[in-house]
Amino acid sequence: MVLQCSNITKSYGVETILDQVKLDIKANERVALVGRNGSGKSTLLKIIAGQLTYDSGEIITPKGTRLGYLDQHTGLHSDRTIWNEMLTVFEELRQMEKNLQTLEEKIADPDIYNDQRMYEKVLAEYENLQYAFREQGGYQYEANIRSILSGLKFGNFDYNTSISSLSGGQKTRLALGKLLLSKPEVLILDEPTNHLDIDTLRWLENYLSNYDGAVLIVSHDRYFLDNIVSKVYEIERTKASLFYGNYSAYLEEKANRYEQELREYEKQQKEVAELEDFIARNIVRDATSKRAQSRRKKLEKMELKEKPKGSEKSANFSFDIERQSGNEVLNIEDLSVSYDKKHSVIQNMSLSIKKQESVALIGPNGVGKSTLLKAIAEKIEAASGTIQYGSKVTVGYYDQEQADLHSNKDVLNELWDDYPLTPEKDIRTVLGNFLFSGEDVLKPVSSLSGGEKSRLALSKLMMKKANLLIFDEPTNHLDLDSKEVLESALIDYPGTLLFVSHDRYFLNRMATKIVELTENGLEEFLGDYDYYLMKKDEERQRELLRAEENKQAGTQSPQNESADKAAYMNEKEAKKHARKRQRKIDETEQHISVLEEEIEQLEQDMLSPDVYEDHQKAAEIQQKITEAKENLDHYMEKWEELQLEEV
């Protein structure tokens, strides 16, 4: 057991958030914490991480167990460069490295050689320190940094880039990377999938699956949870319930438990009714009075079950339109969009969207998906090109940053001010459908959680009744139940959809067309997300087959040359360059491996009595160590240059 929560209780004033919560995590377990937004998941994580006090209970961890915690709103705020910030994780190792260098210099000092006792003392100290350095990963921490940064899409970055110049999403990814590098025995992650594109999400799934430690995770990504966890704790109505298996298994088991509890409750209610009926009919009759009294005693001793409550109330909404649009909804021609006057994010892009299409825009983070949506929704001005709406098109736009919400208003007036002619009771009904009831509607917008702000923004969008809805990451901050409700509402929506999402489940359920946006432009796929993956796989298979055929055929005859020969030659040259670059990387890594082994062997030789008793031999080996480390630094720099080189 690496973490145990025993009867944790937490209240804010008279409202109890967590009541007698129990949670156990064993070494190397992957555990999910699920529940509605506001149920207390993040509160429990903060309590476990020591960032929040609790009223009663106990948190137990074995001595020496390190907990690493990533808040869902965490971002690195540092004036250091990317590389130097990551190095701070290894301050202890780097100090050990400096101490080893100091001891090496002492060993090579002739004055120490003349003092046999001091010489042996320094050698023993060097041997112990070198062993600790090697065991703690001293010879590979820089490689670990590069691996993590590459996985989190910083592989092509200049590592000397200042963190202060990065975007919020990039800072969040770096905070995650720094935590992963620290390798705590218990990794506590609150919504780590935010700000990750699909490729990075897959990398993180693989990393966490192989992580040497326990993982406690809160996430609203259903695919992610299914691929990672083997145990689920649900926080509902202040209590924690345990389910074994992944997220899908949890849903199934939860439904089974409810049905079983309902059957047992109904069976007992039937038995109670029969007992009460028998008692009422027979208690006053002499012949049956004793039997009736016996049944009464049985009824009094019976422990009555409460009716199972089932799931808590879900949001309940739908999207409608005021009028139908024409068949041509949106036409974009040669569009270029910039985030400043010098740098274009989107260049010369063209796209057409028809009535009732559901178009998903996908691509890596930073490629300009959100910027494109802002331009289409006329939130920013395009640099060039045209954006033309079709006949009778009305636009509703959902911003993932909730920039359209006013922090100084309360929930009721945030919606009512946009629709002042609507009666207050109707506004309250709408808000009630989005789970804002009673005093909740008087909460200031600034005090709302991310999920509450999302539901409020959706309520405003629903009231607009636009026939073209543009969503930028609509499932961010929504709990799992709200996601299901949103998906069902949008499936029944009679208008046209254009959206950006990294939620693979949402993409697959909603999209009728996938538009992949890359630095080279866009490519359209008429189908859902599974169809897109299938076509991409077929494309890769064709490329492999074509490469194999070209290899076997050697040179083409003039009769078989295709019209796109120039494009093929360019592709061939690019692949040739990529192979050449990869060979150089492999060769460099081989040199690095050989030099690291050579340095380790030379440092071991320094500890040999034959060497440390011979000052000349010791000096010669020390010189070899110095030269090997200089060569290692050279190949490390070469490796970094090759990684940053464009393919």
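Sequential numbering of the sequence shown, starting at 1, is according to UniProt numbering. Beta carbons are placed, not taken as given, at the ideal position from N, Cα and C, and that holds for glycine. Note that the structure is predicted; figures quoted are calculated from it, not measured.
Assigned secondary structure, residue i (DSSP; H/G/I helix, E/B strand, else coil)
i	result
N37	coil
F278	helix
D610	helix
T65	coil
D605	helix
Y531	helix
A553	helix
G385	strand
D564	For D564, the predicted structure reports a pLDDT of 49, less than 50, and the residue's modelled location is therefore unreliable. A value from the coordinates is still provided. Coil at D564, not helix or strand.
S407	coil
residue 707	Here the chain comprises residues numbered 1 to 647, so residue 707 is not present and cannot be evaluated.
L599	Per the sequence shown, residue 599 should be read as Ile rather than Leu. DSSP places I599 in helix when its eight states are reduced to three.
A108	coil
D633	helix
F436	coil
E135	helix
E322	coil
L526	coil
K513	strand
A240	strand
Y233	strand
residue 659	Residue 659 lies beyond the stretch modelled for the chain, which goes from 1 to 647, so this question has no answer here.
E29	coil
T81	strand
L70	strand
E627	helix
S56	strand
For residue j and residue i, the rounded distance between their alpha carbons
i	j	result
Y532	S358	14 Å
S447	F224	29 Å
L497	L480	21 Å
V2	I59	11 Å
D472	E185	36 Å
Q140	I8	40 Å
P423	E381	36 Å
S482	Q101	58 Å
E125	A108	14 Å
E274	K309	24 Å
S6	L23	7 Å
L351	E328	12 Å
A79	T88	Inspection of the sequence shows that residue 79 is occupied by Asp rather than by Ala. Whole-angstrom Cα-Cα distance: 13 Å.
F506	L196	15 Å
E266	S437	31 Å
I321	P494	7 Å
Q347	K10	53 Å
D221	Q388	35 Å
G155	E29	30 Å
L435	K443	13 Å
L251	Y233	12 Å
N331	L45	47 Å
S219	V337	33 Å
Environment of residue i [buried if 16+ CB atoms lie within 10 Å]
i	result
S454	buried
Q293	exposed
E259	exposed
K297	exposed
G13	exposed
Y244	exposed
I427	buried
N194	buried
N128	exposed
A563	For A563, the pLDDT reaches just 46, beneath the cut-off of 50, and the residue's location in the model is therefore unreliable, although a value from the coordinates is still provided. Classification for A563: exposed.
Q556	At Q556, the pLDDT of 49 sits below 50, so the modelled position is not reliable; the number obtained from the coordinates is stated separately. Classification of Q556: exposed, given that the 10 Å Cβ count is below 16.
V284	exposed
T53	exposed
P192	buried
Q400	buried
K41	buried
Closer than 7 Å: residue i CB and nearest the ligand NAP heavy atom
i	result
D426	Only the bare structure without any ligand can be found here, which leaves the ligand NAP out of the picture.
Query raised in the report: Which residue spans inside the region 149-226 form an unbroken beta strand (DSSP E) run of at least 3?
Result: You should have 186-190, 214-218.
Query - Entirely enclosed alpha helix (DSSP H) segments - the region 324-384, minimum 4 residues - result: The DSSP assignment places complete alpha helix (DSSP H) segments of no fewer than 4 residues inside the region 324-384 at 369-376, in order along the chain.
Query raised in the report: Which ranges would you report for the beta strand (DSSP E) in the region 451-494 if only whole runs of at least 3 residues count?
Result: Here the runs fully enclosed are 468-472.
Query raised in the report: Between the region 163-181 and the region 66-78, are three or more C-beta pairs nearer than 8 Å?
Result: Contact holds: three or more Cβ-Cβ distances are below 8 Å.
Query raised in the report: Touching or not, the region 36-45 and the region 249-267, by the rule of three or more beta carbon pairs under 8 Å?
Result: Cβ pair count under 8 Å is below three, so no.
Requested in this report: Flag this pair as touching only if the region 360-368 and the region 512-521 have three or more C-beta atom pairs under 8 Å; answer yes or no.
Outcome: The region 360-368 makes contact with the region 512-521: 3 or more CB pairs, one atom from each, lie closer than 8 Å.
Query raised in the report: Can you find at least 3 beta carbon pairs, one from the region 114-122 and one from the region 149-156, that sit closer than 8 Å?
Result: Contact between the region 114-122 and the region 149-156 is not established, with fewer than three Cβ pairs separated by less than 8 Å.
Requested in this report: Give a yes or no on contact between the region 624-640 and the region 584-601, applying the rule of three or more CB pairs nearer than 8 Å.
Outcome: The answer is yes - the region 584-601 touches the region 624-640, with three or more Cβ pairs under 8 Å.
**Report entry** Cβ pair count under 8 Å reaching 3, the region 409-423 against the region 455-464
**Finding:** With the cut-off at 8 Å, the region 409-423 and the region 455-464 touch.
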